[in-house]
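Participant:
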Amino acid sequence: MEALLERRYGKYPDESSGPVLDQLVWFLLSTRTTVENCDAAYGALRERYPTWAAAAEAPPEYLGECLRPAGLWKTRAANLRSSLAAIRERFGSESLEELRSWTDAECEAFLRSLPGVGLKVARCVLAFGLARPSFAVDAHIWRVTRRLGWHSLPGEAPSERGADLLQELARGSRDILSLHVNLIRFGREFCPSGEPRCGACPVAAGLGCPGAILGR
Ligand code: SF4
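Adding 3 to a residue's 1-based position in the sequence shown gives its number in our numbering.
(1) Throw me the rounded Cβ distance for the Y15 and L180 pair, which I believe falls under 8 angstroms.
(2) Tell me, please, whether the stretch 115-132 touches the stretch 144-156 by the rule of three or more beta-carbon pairs shorter than 8 angstroms.
(3) What residue ranges within the stretch 42-76 form continuous beta strand (DSSP E) runs of no fewer than 3 residues, ordered along the chain?
(4) Out of R177, E68, E198 and F113, point me to the one whose CA is closest to L7's CA.
(5) Do R200 and the ligand SF4 come close, with the Cβ less than 7 angstroms from some heavy atom?
(6) Between G218 and A207, what straight-line distance do the alpha-carbon atoms span, to the nearest angstrom?
(7) Rounded C-beta distance between H143 and R191? I'm assuming under 8 angstroms.
(8) Can you tell me whether R91 is helix, strand or coil according to DSSP?
(9) Sorted by chain position, which residues of the same chain lie with C-beta nearer than 8 angstroms to Q170's C-beta, five sequence neighbours on each side aside?
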């Protein structure tokens, strides 16, 4: 499956040389919106506030003007301000670079202590920002992997136990970051939450898929 996805979508580049905090803020804005809207909000934020210290000092309504494209701007502005304040308190500045010397478990626990940061966002920061063998499970990955028979757990969104189970499975892959990104791309293209496109799906043609047989 991993090889099939890489043939179709390629490998995802390592982005971990950039500031870790940039990744955290982007993923904070990425929940419950599209990538395009997240990019628009993030771009507006960076344009108005070139440093995170400047964003931390900004009144919530000013932040909100930037965050509006992503929706839920009041909540996002409050979470961003509180997270930046907590990061400054812990590290002395608006930077997460010290996490590079922490263990995966320590990083995940600290990130999850920040307002608005759940398991998925924390594991995305670990994977994209810190190049750790972390596997974030979103609704696409949860649905696609169930249809593929990787798990049989219920629900539209992953439970914590389910996310841990899939992370353990994904750690057997050659490139855990590409697997994460490519499963999402695959889910959007062939296996959406509505009617899956099994007739066109390369998995159905090649590897077989229990979801195609059972219609799940
Ligand atoms: S065969 Fe159908 S259910 Fe299975 S992964 Fe492809 S689109 Fe999804």
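All residues carry an ideal CB built from backbone N, CA and C; glycine is no exception.
Facilitator: On the basis of the data shown:
(1) Between L180 and Y15 the Cβ distance is about 5 angstroms, and since that is below 8 angstroms, they are a contact.
(2) Taking a cut-off of 8 angstroms on C-beta distances, the stretch 115-132 does not touch the stretch 144-156, as fewer than three cross pairs fall below it.
(3) Positions of the beta strand (DSSP E) runs, each at least 3 residues long and wholly inside the stretch 42-76, cannot be given because no such run exists.
(4) Residue R177 is the option with its Cα nearest to L7.
(5) Answer for R200: yes, Cβ within range of the ligand SF4.
(6) Below a pLDDT of 50, predicted positions are generally treated as unreliable, and G218, at 47, falls in that range; the measurement from the model is reported next regardless. In a straight line, the C-alpha of G218 is about 12 angstroms away from that of A207.
(7) H143 to R191, Cβ: 7 angstroms. Contact.
(8) The answer is helix: DSSP assigns R91 an H, G or I state.
(9) Residues R126, S137, F138 and V140 of the same chain have their beta carbon placed closer than 8 angstroms to that of Q170, with the five preceding and five following residues left out of the count.
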